[in-house]
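Chains as they are written, first to last, in our numbering: chain D, 223 to 651; chain Y, 19 to 142.
Okay, so here's the structure we're looking at.
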């Protein structure tokens with residue numbers, strides 16, 4: 223790794239902590255980002271010659287804070303003085319050196335920064351864009367490319383998101399336990415959104431860094447809150463889903479179903495880490511939706527061959543999930559397991575009541591089409607596949623259903639072959 | 019004498035490496051390991067999973083308490099170790115230097131002579 227690559231990694235690693243501290247000082251996201259940017263530029267000039275500092279985050283906070291204060295003073299000469307309340311404290315900057323030693327703010331700073339991006343006022347696409355821009359430090363260009371929108375459109379989306387957050391106001395006082403826990407679950411949900419965006423659009427080619435970025439954020443969150451079983455569960459869930467990244471698409475970019483995947487392509491290191499986290503989570507005896515979804519993914523990961531999958535265990539876990547977090551999508555996923563253990567008719571009966579609520583959902587028609595195909599109800603299967611294609615979120619999804627249709631067309635009438643139920647990654651909404 | 023070289027680094031930074039950077043670092047470390055192994059001096063080597071997977075058992079009178087996470091909050095985390103047979107401390111420092119060179123950026127290597135060593139019977 224070159225010096226520059228290392229410095230880049232160090233800046234990325236220090237970013238959440240440094241930016242989080244600067245946000246607390248300046249109470250203004252733009253000002254904090256500007257100050258951090260300036261600190262990074264100085265790091266790029268200074269670190270290659272002077273060697274990297276022992277504590278890059280503290281260095282960046284110190285330099286960023288000074289440069290932010292400088293720029294406020296410069297502006298003050300040209301404009302009327304800003305309201306003092308706009309800045310938390312402008313005393314001797316030396317104080318920050320002392321402060322870095324106690325690091326008491328560290329956790330809440332990063333949580334606040336993450337929470338800015340998970341703000342309930344923000345629609346999910348803006349949450350994802352803001353998190354990747356602010357916390358991960360991806361360029362607008364990178365984010366725009368992944369979302370398949372123009373850079374200008376993405377810039378506007380991020381600007382709008384920041385304006386909304388600013389208008390909603392941010393709490394800068396140290397949160398109490400209840401507030402902290404509320405922020406934690408909002409942030410966890412936001413990280414899952416980031417992951418899912420990458421999961422559904424990125425494919426196995428890893429041309430979008432969303433999935434690995436979401437895992438990095440999740441590990442960061444877990445380092446801050448090491449005793450939270452749901453954050454262990456979420457980290458495990460993301461690792462297990464991402465462990466299959468290379469196996470999920472074939473060379474043409476078509477989705478490969480879980481049961482058809484080459485399991486030797488699954489990333490064993492990620493799976494082992496996820497198992498270790500689940501082991502830790504279970505000890506707490508506080509099951510939650512992320513832990514259960516991770517446990518389901520773990521049962522898939524434990525099966526050496528698709529035929530070895532513990533579908534009964536998966537059915538049970540989904541039953542628990544339905545109980546904790548009732549949703550038609552969870553029932554739909556459970557139906558996949560039910561189809562395996564009790565047959566396609568039982569699964570059809572299970573999802574029949576969901577049609578109204580899932581009438582715009584690709585996977586509903588993909589699954590039902592698959593079940594109907596297994597039962598030899600070709601006409602109905604075809605109609606469902608057609609609807610699934612119309613509702614597909616990506617070219618890969620549509621291509622996958624077309625494969626089903628092709629298979630359907632090739633089969634002689636009255637000779638149903640064992641079709642396959644559409645397998646949705648567990649828990650993915 | 020057998021030395022343990024305990025590797026500390028910032029986990030935030032190490033987990034920010036791209037897959038390519040991580041692979042390249044492991045490849046450079048493999049060269050150092052190969053050299054030591056060729057001389058019959060390399061003992062067990064371990065890279066540890068992230069500290070988020072760690073559990074700490076703390077015994078302070080009474081029943082030991084099991085806690086999540088690593089024992090101490092520090093800027094640098096214990097990420098892995100090497101056991102290396104060295105005739106002198108200078109040799110051990112030289113081996114640690116090779117490892118440091120193979121690693122990008124900063125980091126810290128604690129060189130500790132080994133007092134008791136039970137060769138492994140485990141093949142993971």
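By construction, the Cβ of each residue, glycine as well, lies at the ideal position given by its N, Cα and C atoms.
message: Just to confirm before moving on: does the CB-CB distance between residue 29 of chain Y and residue 97 of chain Y stay below 9 angstroms?
response: What you label residue 29 of chain Y is simply residue 11 of the second chain in a count that begins at 1. What you label residue 97 of chain Y is simply residue 79 of the second chain in a count that begins at 1. Yes, these two residues count as a Cβ contact at 9 angstroms.
query: Can you name the residues of chain Y whose CB is closer than 7 angstroms to the CB of residue 457 of chain D?
result: Sequence index remark: in the first chain, residue 457 of chain D carries index 235 (1-based). Under the 7 angstroms cutoff, chain Y gives 70.
task: From the DSSP output, in three-state form, read off residue 225 of chain D for me.
output: In the first chain, the residue the question calls residue 225 of chain D occupies position 3. If DSSP states are grouped into helix, strand and coil, residue 225 of chain D belongs with the helices.
message: Rounded to the nearest angstrom, what separates residue 408 of chain D and residue 342 of chain D at their Cα positions?
response: Position 186 of the first chain, counted from the first residue, corresponds to residue 408 of chain D. Position 120 of the first chain, counted from the first residue, corresponds to residue 342 of chain D. About 8 angstroms.
message: Would residue 460 of chain D and residue 417 of chain D be called neighbours here (beta carbons separated by less than 9 angstroms)?
response: Position 238 of the first chain, counting from 1, holds the residue named residue 460 of chain D. Position 195 of the first chain, counting from 1, holds the residue named residue 417 of chain D. In this structure, residue 417 of chain D lies closer than 9 angstroms to residue 460 of chain D by Cβ.
- request: Using alpha carbons as the reference points, say which of D/610, D/232, D/548 lies closest to residue 276 of chain D.
  value: Numbered from its first residue, the first chain carries residue 276 of chain D at position 54. Per the Cα distances, D/232.
task: Tell me whether residue 69 of chain Y is buried or exposed, calling it buried when 16 or more other Cβ atoms sit within 10 Å of its Cβ.
output: Here residue 69 of chain Y corresponds to residue number 51 of the second chain, with the count starting at 1. By the neighbour-count rule (16 or more Cβ atoms within 10 Å), residue 69 of chain Y is buried.
Chain D residues whose Cβ lies nearer than 7 angstroms to that of residue 119 of chain Y: By 1-based counting over the second chain, the position of residue 119 of chain Y is 101. Within 7 angstroms Cβ-Cβ: nothing; residue 119 of chain Y doesn't reach chain D, min ~12 angstroms.
- request: Could you tell me whether the region 344–353 of chain D touches the region 363–379 of chain D, using the rule of 3 or more Cβ pairs below 8 angstroms?
  value: By the Cβ rule, the region 344–353 of chain D counts as touching the region 363–379 of chain D, because three or more pairs are nearer than 8 angstroms.
message: Closer than 7 angstroms between beta carbons: that is the criterion. Which residues of the region 78–97 of chain Y meet it against chain D?
response: Of all residues in the region 78–97 of chain Y, 86, 87, 93 have a Cβ within less than 7 angstroms of some Cβ in chain D.
message: Along the region 489–502 of chain D, where does the CB come closer than 9 angstroms to a CB of chain Y? Name the residues.
response: Residues passing the 9 angstroms Cβ filter: 491, 494, 495, 498, 499, 501, 502.
- prompt: For the 8 angstroms Cβ check, are there 3 or more pairs between the region 325–339 of chain D and the region 240–257 of chain D?
  reply: In short, these stretches touch, since the Cβ pair count reaches three.
query: Are there 16 or more other CB atoms within 10 angstroms of the CB of residue 95 of chain Y, so buried, or fewer, so exposed?
result: Locating residue 95 of chain Y in the second chain gives position 77, counting from the first residue. Around the beta-carbon of residue 95 of chain Y, 16 or more other beta-carbon atoms lie within 10 Å, marking it buried.
task: Count the other C-beta atoms from every protein chain shown that fall within 10 angstroms of the C-beta of residue 573 of chain D, then say buried if there are 16 or more, exposed otherwise.
output: Taking the first residue of the first chain as 1, we reach residue 573 of chain D at position 351. The residue in question, residue 573 of chain D, is buried, as its Cβ has 16 or more Cβ neighbours within 10 Å.
query: Counting contacts by CB-CB distance shorter than 9 angstroms, is residue 399 of chain D in contact with chain Y?
result: Translated into the one-based positions of the first chain, residue 399 of chain D becomes position 177. Not an interface residue.
query: Is any heavy atom in the ligand NAP found nearer than 8 angstroms to the beta carbon of residue 445 of chain D?
result: For the structure depicted, the ligand NAP is absent and the ligand set is empty, with no information on it obtainable.
query: Fully enclosed by the region 412–468 of chain D, which alpha helix (DSSP H) runs are 4 residues long or longer?
result: The qualifying runs are 432–446, 451–464.
message: Using 8 angstroms for Cβ pairs, my map puts residue 149 of chain Y next to residue 19 of chain Y. What's the rounded Cβ distance?
response: The displayed coordinates of chain Y run from 19 to 142. Any statement about residue 149 of chain Y would go beyond what the structure contains.
Other residues of its chain near residue 609 of chain D: CB distance less than 6 angstroms, five sequence neighbours each side excluded: Within the first chain, the letter at position 387 stands for residue 609 of chain D. 587.
field: Test: residue 141 of chain Y CB closer than 9 angstroms to a CB of chain D
entry: Counted from its first residue, the second chain places residue 141 of chain Y at position 123. No, residue 141 of chain Y lies away from the interface with chain D (no Cβ there is under 9 angstroms from its Cβ).
message: Between residue 434 of chain D and chain Y, is the shortest Cβ-Cβ distance under 9 angstroms, so that the two count as touching?
response: Stepping through the first chain from its first residue, residue 434 of chain D is reached at position 212. Chain Y contact via Cβ: present.
message: Please list, in chain order, the residues of the region 46–66 of chain Y that have any C-beta partner in chain D closer than 8 angstroms.
response: Residues passing the 8 angstroms Cβ filter: none.
- prompt: So which of D/405, D/392, D/431, D/249 has the shortest CA-CA distance to residue 453 of chain D?
  reply: As a first step, residue 453 of chain D must be located in the first chain, where it is residue number 231. Ranked by how close their Cα comes to the Cα of residue 453 of chain D, the residues D/405, D/392, D/431, D/249 have D/405 in first place.
task: Apply the 10 Å Cβ neighbour rule to residue 300 of chain D and answer buried if 16 or more other Cβ atoms are within range, or exposed otherwise.
output: If you number the first chain from 1, residue 300 of chain D lands on position 78. Label assigned to residue 300 of chain D: exposed.
- request: Rank D/538, D/269, D/547, D/462 by C-alpha distance to the C-alpha of residue 556 of chain D and give the top, closest one.
  value: To locate residue 556 of chain D, count along the first chain from 1; it is residue 334. Among D/538, D/269, D/547, D/462, the Cα nearest to that of residue 556 of chain D is on D/538.
query: Can you list, in chain order, the stretches of the beta strand (DSSP E) that have 3 or more residues and sit fully within the region 356–406 of chain D?
result: Whole beta strand (DSSP E) segments, 3+ residues: zero.
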